[in-house]
Ligand code: GDP
Ligand code: MG
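Written out as structure tokens, the structure is:
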């Protein structure tokens with residue numbers, strides 16, 4: 123390290139409307155699949171840290187559920203995850219998706235950005251696709267913050283993005299040791315990888331009615347990891363759909379999720395999936411608690 127060198131570190135909150143590519147960007151930046159992604163909005167429910175450590179800095183990225191108006195208890199939990207994130211961060215990374223027309227969620231996300239006084243970077247994502255950003259919509263926001271065009275999917279512009287963030291990052295220590303890439307447990311990521319396949323395989327309300335809990339992860343000592351997870355649905359009819367005729371769909375979910383889990387763990391995996399009905403879990407605070415999603419009561 124040279125004379126006068128200052129190590130920088132800090133928390134960077136990635137915010138933006140559902141589907142902007144926040145989780146894709148997090149995975150790209152840390153070089154590992156931590157957060158699940160899908161073309162369906164509102165895939166991300168929990169905030170997840172992705173930690174990028176170099177000799178010069180440590181950036182702790184926070185992936186959040188998209189900003190949108192809460193419609194039930196699950197949404198309220200998701201909005202809370204965004205609000206508490208923005209309170210704590212050093213830098214806000216606002217991600218816009220210029221490939222889809224601006225909507226209610228865009229405006230809500232903009233309101234957040236207008237109000238907040240933290241250093242921020244404004245990124246237009248999906249630069250690999252044709253689009254004409256509606257710059258009028260963003261108004262003076264684009265004058266107040268550094269603006270950059272990136273592709274989270276391909277990594278285009280991401281080095282420049284990191285430079286811009288580094289400029290805004292305060293001096294600070296490494297908060298996490300160098301090997302740590304996330305705050306989430308292996309078990310949590312396993313559940314998420316299973317949930318991602320449900321977004322891939324099912325349409326309409328099914329993905330939104332599902333919560334996955336990984337009950338057991340056991341190293342069997344023969345290079346094989348035994349995993350048992352439960353897929354919770356809201357209604358009996360959904361249970362039938364998830365299982366499929368002769369168990370066809372459940373088998374598919376298992377096969378596809380297993381490939382991702384094996385890549386993460388670096389071992390062979392035996393994955394056992396159960397399906398259970400937890401009536402209306404999205405609207406029930408005590409059930410949300412059981413599923414690891416607590417709504418904190420404001421005083
Ligand atoms: P989030 O809701 O903001 O976390 O968005 P996701 O990361 O889940 O991404 C939503 C969808 O946009 C997924 O289908 C991604 O593959 C896609 N996506 C994300 N970034 C890019 C990008 O740079 N280019 C393109 N073409 N698609 C992207
Ligand atoms: Mg996401």
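Residue numbers (the working numbering): 123 to 421.
Backbone N, C-alpha and C define an ideal beta-carbon position, used for all residues, glycine too.
- Nearest in C-alpha terms to residue 137, of all of 229, 178, 299, 414, is 229.
- With a cutoff of 8 Å on beta-carbon distance, residue 387 and residue 352 are scored as not near each other.
- Under the three-state reduction of DSSP output, residue 135 falls in the strand class.
- When only Cα atoms are considered, residue 322 and residue 166 end up about 14 Å apart.
- The continuous alpha helix (DSSP H) containing residue 199 extends over residues 195–210.
- Shown here, residue 312 sits in a helix according to DSSP, grouped into three states.
- Closest option to residue 410, judged by alpha-carbon separation, among 340, 197, 397: 197.
- If you keep only unbroken beta strand (DSSP E) runs of at least 3 residues inside the region 286–363, you get 333–341, 346–355.
- Secondary structure note for residue 181: its beta strand (DSSP E) is the uninterrupted segment 179–185.
- Taking each of 234, 183, 249, 287 in turn and checking the Cα distance to residue 241, the smallest one comes out for 287.
- Annotated as proximal: residue 207 and residue 135, with beta-carbon spacing under 8 Å.
- Here residue 375 really is in contact with residue 320; their C-beta atoms are around 6 Å apart, less than 8 Å.
- Shortest Cα-Cα distance from residue 299 to any of 130, 173, 325, 142 involves 173.
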